Amino acid sequence: MSYDIDELKKSMVKIINPDTQNTTNTAGSGFIIRSDGYFITCHHVIYRLSSLKVEYQGQVYDDVQWCEALSNPDVDIAILKISLSGAKAVPIINPQDVSTSVTVYGFPQERASNFPDGFDFPAQNIRKSASVKTLSTYKYKDITLTNSWNKLPEPTSTFEAYRINAPVDSGTSGGPVLADNLSGVVGVIQSSNSNESYVIRWDNITESLKKLELDFNMVSKKQKEPIQILIELLQLSNLAIFSERRGLCETIGIQPGKLSFLTLTSDDSFTTELVNYLHRVGRKQALCKLCQQLESVFPEGEQTDDLAFVKASLNCN
Numbered sequence: 012m013s014y015d016i017d018e019l020k021k022s023m024v025k026i027i028n029p030d031t032q033n034t035t036n037t038a039g040s041g042f043i044i045r046s047d048g049y050f051i052t053c054h055h056v057i058y059r060l061s062s063l064k065v066e067y068q069g070q071v072y073d074d075v076q077w078c079e080a081l082s083n084p085d086v087d088i089a090i091l092k093i094s095l096s097g098a099k100a101v102p103i104i105n106p107q108d109v110s111t112s113v114t115v116y117g118f119p120q121e122r123a124s125n126f127p128d129g130f131d132f133p134a135q136n137i138r139k140s141a142s143v144k145t146l147s148t149y150k151y152k153d154i155t156l157t158n159s160w161n162k163l164p165e166p167t168s169t170f171e172a173y174r175i176n177a178p179v180d181s182g183t184s185g186g187p188v189l190a191d192n193l194s195g196v197v198g199v200i201q202s203s204n205s206n207e208s209y210v211i212r213w214d215n216i217t218e219s220l221k222k223l224e225l226d227f228n229m230v231s232k233k234q235k236e237p238i239q240i241l242i243e244l245l246q247l248s249n250l251a252i253f254s255e256r257r258g259l260c261e262t263i264g265i266q267p268g269k270l271s272f273l274t275l276t277s278d279d280s281f282t283t284e285l286v287n288y289l290h291r292v293g294r295k296q297a298l299c300k301l302c303q304q305l306e307s308v309f310p311e312g313e314q315t316d317d318l319a320f321v322k323a324s325l326n327c328n
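Using this note's numbering, read the sequence shown as starting at 12 and increasing by one per residue.
Next up, the structure:
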């Protein structure tokens, strides 16, 4: 049975800002990671709050515990606990890469009337990011309160992330990122101050997950999207290096002059753009011809099995 958005809703925690009288009193989002009340959010959601207060399944909790030993402000992660049992925890998965569509889910302040919709981002808008300076994503860098959670990350701290080339609304930070086809949550959404957002990867807090005795599933290659496997095979083959691009495009029946990304400096970026473009515009025949070219590069071994999987998924003859 697949894990979907309806199941995810049962794990959602709303972080309440106790210092505002507005009807929209959402500080951010969180979600249950263990059935006895442990939940996760972004540290920047709570670092300026005078007290911790949340809502889960229609009930407000004032006795929220910040788990300092499990949290890590330097990677913008806070782990907290409320007193309950039998809560619905999300399935945590840790893929090598996000190559499927995802749904970002949370409590956006400006779209309260539309909740619970969630936000969909296609896979081509998601990329692995270079290490992100944590403090650079914080809007406010002044703290006057003295609770244990009222602290900033260290100035030099960074976190590992996927980058989404689109912003998410304030209030969504700390929410889960659901990989639709992998039936699990791949990270925590962080709404930054720019026109992009970050998915904080589980790699940042593996020790905390181990302390909580939470197993996160490594996603096998066959659970990846066939298109992502094809991208990786093409990158490995060297068929798409700069000097070979025009010839490759002509061989698979594509006019290279019409491709805006033909002259990209990075071979990996060109490969990703080419395969995603062919997939997006429905050029199945070109994708199958690409598989034929790869067969000559990988006549045997693990790559041959991967290629057979891709061809079967694309229904290539």
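From the three backbone atoms N, C-alpha and C, an ideal C-beta is built for every residue, glycine too.
Please read these numbers as outputs of a predicted model, since none were measured by experiment.
When secondary structure is reduced to three states using DSSP, Y288 falls in the helix class.
Along the stretch 180–259, the beta strand (DSSP E) occurs as fully enclosed runs of 3 or more residues at 187–190, 195–202 and 208–212, listed in sequence order. Cα atoms of V308 and G293: separation of roughly 25 Å, rounded to the nearest angstrom. The C-beta separation of V56 from I26 comes to about 5 Å, placing the pair in contact by the 8 Å criterion. Here DSSP, grouped into helix, strand and coil, assigns F170 to strand.
A buried status is given to N215, since no fewer than 16 other beta-carbon atoms sit within 10 Å of its beta-carbon.
Where L275 is concerned, there is no enclosing beta strand (DSSP E), because DSSP gives it neither an H nor an E. Per DSSP, reduced to three states, the secondary structure at V109 is coil, with no helix or strand assignment. Taking a C-beta distance under 8 Å as the contact criterion, Y209 and V101 do not qualify as a contact pair.
Spatial neighbours of D74 in its own chain (CB-CB distance under 8 Å, excluding positions within 5 residues in sequence) are listed in chain order as I93 and S94. F42 and E311 have their C-alpha atoms spaced approximately 45 Å apart. The C-beta of T31 has fewer than 16 other C-beta atoms within 10 Å across all chains shown, which makes the residue exposed. Of the residues assessed, Y116 falls on the buried side of the cut-off, its CB having 16 or more other CB atoms within 10 angstroms. The residue from P166, E165 and N158 with its alpha-carbon nearest to that of C78 is N158. In this structure, the alpha-carbon of S219 lies about 14 Å from that of I211. Counting only unbroken stretches of 3 or more residues, the beta strand (DSSP E) elements lying wholly within the stretch 31–93 are 37–45, 49–53, 64–67, 70–72 and 88–92, in sequence order.
Judged by DSSP in its simplified three-state form, K269 adopts helix.
A direct Cα-to-Cα measurement between I90 and E236 gives close to 31 Å. Between R256 and F227 the beta-carbon gap is near 38 Å, outside 8 Å, which marks them as no contact. Assignment of I103 by DSSP, reduced to helix, strand and coil, places it in the strand class.
Within a 10 Å sphere around the beta-carbon of T274 sit fewer than 16 other beta-carbons, which makes this residue exposed. Counted as a single uninterrupted DSSP element, the beta strand (DSSP E) harbouring K25 occupies residues M23 to I27. C-alpha of N287 to C-alpha of V199: approximately 25 Å in a straight line.
Within the same chain, and ignoring the five residues on either side of C327 in sequence, the residues whose Cβ sits closer than 7 Å to its Cβ are C299 and C302.
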